[in-house]
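Presented below is the structure to which this report refers.
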Amino acid sequence: MSILAWLEASGPARILAQSEWLYPLVNAGHIVGIALLVGTVAALDMRILGWLGRSIAIADVERLLRPLALIGLGLVIVTGLSLFSVQATSYAESTVFRIKLLLIAVAGLNAALYQTTTHRLWHQIMAALSLLLWLAVITMGRLIGFR
Amino acid sequence: MTRSVAVLIRTHIGTRAWLAILLCCLTASAAAHHGWRWATDEEFELSGTVKEARLGNPHGELKVDADGDLWTVEVGQPWRHERVDLKDDMLKPGTELTIHGHRSAEAGELLMKAERLVIDGKDYNLYPDRKS
């Protein structure tokens, strides 16, 4: 049995699959996580691009938003894995889902690379890329249910 | 008043930010599965044999062989089945059934959403509020 099939057959996954309220609740938690993560990332990106909040230092914006982004990240990972477990084998086969994972990986790499340079133009390019990537991640995530 | 709001929006948010927001809205289209808008209004009936059943959240799905055509039939969530005492093993492969509901509005697509199932002459009405 593959690890995906095992995950799908596991106790917690079956409870979630059969639940009346838990599944939609976890679903809502995933959305709250997305709101926290992508909302704060977008605000920071737009500040880096100089589209808003120019009177506030980027470092200050970062200090305020980073903890919220990390809470959001934790929430999307935990709820995302839970939702994935319910239909692990079929999600793993879904092209849309694979594209979503790939985009998340690229967005993560982009965020990591941001830390490696202090060049302003590079930061702006990365911020623009980050905005586009997260929008694409959300779009792909939404498409999973429709493809 | 309107003008000052417009000025406020222009100065505080900027055109490019609005474009980003617009992009968000544009990407939120596409429709299937949820609700009934993706299906035709016409009542539809399908009789066949269950080939495959994947039940549970986010919603159950049957593959039904009807005269050699393999249909995808969307059924209910666990609570909806429980409400009418429809057990998972009553939908296992080999089961013969008739499904009343609505088929996809996309021409030629072998996809429908069930309102009511009939197994062994017994009705399982998943959507008692809807005509089926």
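So the sequence lines, in the order shown, correspond to chains A and B. FYI, the numbering for the first sequence is 167 to 313, going by the working numbering. FYI, the numbering for the second sequence is 1183 to 1314, going by the working numbering. A virtual CB, placed ideally from N, CA and C, is assigned to each residue, including glycine.
Beta carbon of I197/A nearer than 9 Å to that of L210/A: Along the first sequence, one-based indexing puts residue 197/A at 31. Along the first sequence, one-based indexing puts residue 210/A at 44. Not in contact: I197/A and L210/A (Cβ atoms no closer than 9 Å).
Span of the alpha helix (DSSP H), counted from its first residue to its last, around S251/A: Here residue 251/A refers to the residue found at position 85 of the first sequence. Counting along the chain, the alpha helix (DSSP H) containing S251/A begins and ends at 224 to 252.
Neighbour list for S185/A in chain B, Cβ cutoff strictly below 8 Å: Mapped onto the first sequence, residue 185/A falls at position 19. Within chain B, the residues near S185/A are N1239, P1260.
Chain-ordered chain B contacts of L182/A [CB-CB under 9 Å]: Translated into positions along the first sequence, residue 182/A becomes position 16. Residues of chain B passing the Cβ test: G1238, N1239.
Local conformation of L1292/B per DSSP, three classes: Looking up residue 1292/B in the second sequence gives position 110. Coil, per DSSP.
Closer than 9 Å to chain A by CB, H1282/B: Reading the second sequence from its first residue, position 100 is the one you call residue 1282/B. So no, H1282/B is outside the interface.
Every unbroken beta strand (DSSP E) inside the region 1225 to 1291 of chain B [3 residues or more]: 1226 to 1236, 1243 to 1248, 1251 to 1256, 1278 to 1285
Cβ-based burial, W172/A [other Cβ within 10 Å; buried from 16]: The residue you call residue 172/A lines up with position 6 of the first sequence. W172/A comes out exposed.
Below-9 Å beta-carbon distance, V252/A vs any chain B residue: By one-based count along the first sequence, residue 252/A stands at place 86. Output row for V252/A: interface = yes.
Contact the region 174 to 191 of chain A vs the region 1238 to 1248 of chain B: 3+ CB pairs below 8 Å: yes
Euclidean distance between Cα positions of R1298/B and R1219/B: Mapped onto the second sequence, residue 1298/B falls at position 116. Mapped onto the second sequence, residue 1219/B falls at position 37. So the two alpha carbons sit approximately 18 Å from each other.
Where A1289/B falls, given that 16 or more other Cβ within 10 Å makes a residue buried: Mapped onto the second sequence, residue 1289/B falls at position 107. Its Cβ having fewer than 16 others within 10 Å, A1289/B is exposed.
Cutoff 9 Å: E1234/B Cβ touching any chain A Cβ: The residue labelled residue 1234/B in the question sits at position 52 within the second sequence. So no, E1234/B is outside the interface.
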